[in-house]
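Visitor:
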Amino acid sequence: MAEKNTKIRQISDFGEFGLIDYLTKDIKYKNSELIKGIGDDAAVFESGDICNLITTDLLVEGIHFDLIYTPLKHLGYKAVAVNLSDIYAMNAIPKYITISIAVSNKFSVNVIEELYSGIYLACEQYGVELIGGDTSSSLSGLFINITAIGQAKKEDVVYRSGAKKNDLICVSGDLGAAYLGLQILEREKKVFLADNDVQPELDKFNYIIERFLKPEPRKDIIESLKKYKILPTSMIDISDGLSSELLHICSKSNLGCKVFEEKLPIHDQTFLTAEMFNLDPAIPVMNGGEDYELLFTIPLDKKDEIEKIPNVAIIGFMTENKDEKFLIAKNGVEIPLIAQGWNHGEVE
Ligand code: ADP
Ligand code: MG
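Numbers in my numbering are just positions in the sequence shown, counted from 1, shifted up by 293.
1. Going by the beta-carbon positions, is the gap between lysine 498 and leucine 475 smaller than 7 Å?
2. Locate the beta strand (DSSP E) running through glycine 443, then write down its first and last residues.
3. Can you tell me whether serine 340 sits near ligand 2, meaning its C-beta is under 6 Å from at least one heavy atom of the ligand?
4. Is any heavy atom in ligand 2 found nearer than 6 Å to the beta carbon of serine 465?
5. CB-CB under 7 Å to glutamate 627, same chain, minus the five flanking residues each way: which ones, in chain order?
6. Could you pull out every residue in the same chain whose Cβ sits closer than 7 Å to the Cβ of alanine 575, ignoring the five residues on either side in sequence?
7. Pick helix, strand or coil for threonine 526, following the three-state DSSP scheme.
8. Whole angstroms is fine: what's the gap from asparagine 384's alpha carbon to aspartate 530's?
9. Give me, in chain order, the residues of the same chain whose beta-carbon lies closer than 8 Å to that of phenylalanine 570; leave out the 5 immediate sequence neighbours on both sides.
10. Name the one or two DSSP bridge partners that serine 465 has.
11. What residue ranges within the stretch 467-555 form continuous alpha helix (DSSP H) runs of no fewer than 4 residues, ordered along the chain?
12. Determine the contact status of phenylalanine 358 and alanine 395, defining contact as a CB-CB distance below 7 Å.
13. How is phenylalanine 307 classed by DSSP in three states: helix, strand or coil?
14. Threshold first: 3 residues or longer. Then list the beta strand (DSSP E) segments lying entirely within the stretch 359-424, N to C.
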């Protein structure tokens, strides 16, 4: 056991990933069934011919969600969806979830039932079963912790670390919508709090708001990849923004990357809303968050096959030089990628 460090350190000196690294740096795994512990979207361990995968996420009221504009049913659905996204990001099939909640006495049973109606809806939608959990009271607010358990064949599991030089970088769906959906909800909240009689005008923002409130994990993409016999070399889900996730793939795979602004998938409503906020639309795409799309790499010779899958864009390629991680802007300028992420409650 390392000697205890008595110097007082502030969490803000570390950042989220720095803190996790610091707290876990002395772990030495002893169990030979364990294939991957900390450091990917899910942990992986073997049992017999099959691999089990496990991932967990904690959602805290006032940090990850605001009940003023989050319907409880949506919250339940989203809490399950974000965990399943981490299992799909390993190219595995989610099977079971457990749910732990801590609830303050300001919530009625009806409200908790609403939360569970969303949880059950997501379970049904994605074919997973609720097999346990824990319930506690809380002094303030609502806490939801979900753990998802999935399965895959050992040879099918895809890690963040497997990208190869010249692999194509692909992304599913479109990016930046959830971030702007949240900005709209925050703006309408301020208007509503100032004057309760004003009804929010949300109709023309329905797509981006739904992307924030009710994300769908990309089960369909995992199925399409299987159908076209494409095994990604690396994969991660996009929860903290494309830039941050690209940096994870690069550092775990020991490579650099180049992605092209003109190839970034963006929905019209995202584009128009970014302009309305006087934001360069590339900013929410690169550094927004909560997209829950899949970012993955494939060998160059799978290009024709990947182009057959709808809703997948090729946005760049992996490079040998790990110091070179660039977004190539429309005017040709190379912009270094930075992990800005967004503040959705992670330890800053
Ligand atoms: P994701 O964004 O895919 O959910 P995270 O960034 O939350 O992943 O976590 C990165 C890795 O760190 C994961 O392997 C996760 O299990 C691990 N991790 C996160 N928090 C802790 C913690 N408090 N103690 C140990 N491991 C942690
Ligand atoms: Mg993830």
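The beta carbon of each residue, even a glycine, is placed where N, CA and C say it ideally should be.
Note that the structure is predicted; figures quoted are calculated from it, not measured.
Guide: Put simply:
1. A small fix is needed here, since residue 498 is phenylalanine in this sequence, not lysine. In terms of Cβ geometry, phenylalanine 498 and leucine 475 do not form a close pair [threshold 7 Å].
2. 436-446
3. no
4. no
5. Phe619 and Ile621
6. Glu554 and Leu557
7. coil
8. 11 Å
9. Leu473 and Gln476
10. Val605
11. Within the stretch 467-555, the complete alpha helix (DSSP H) runs of at least 4 residues are 470-487, 499-506, 512-520 and 535-546.
12. no
13. coil
14. 386-396
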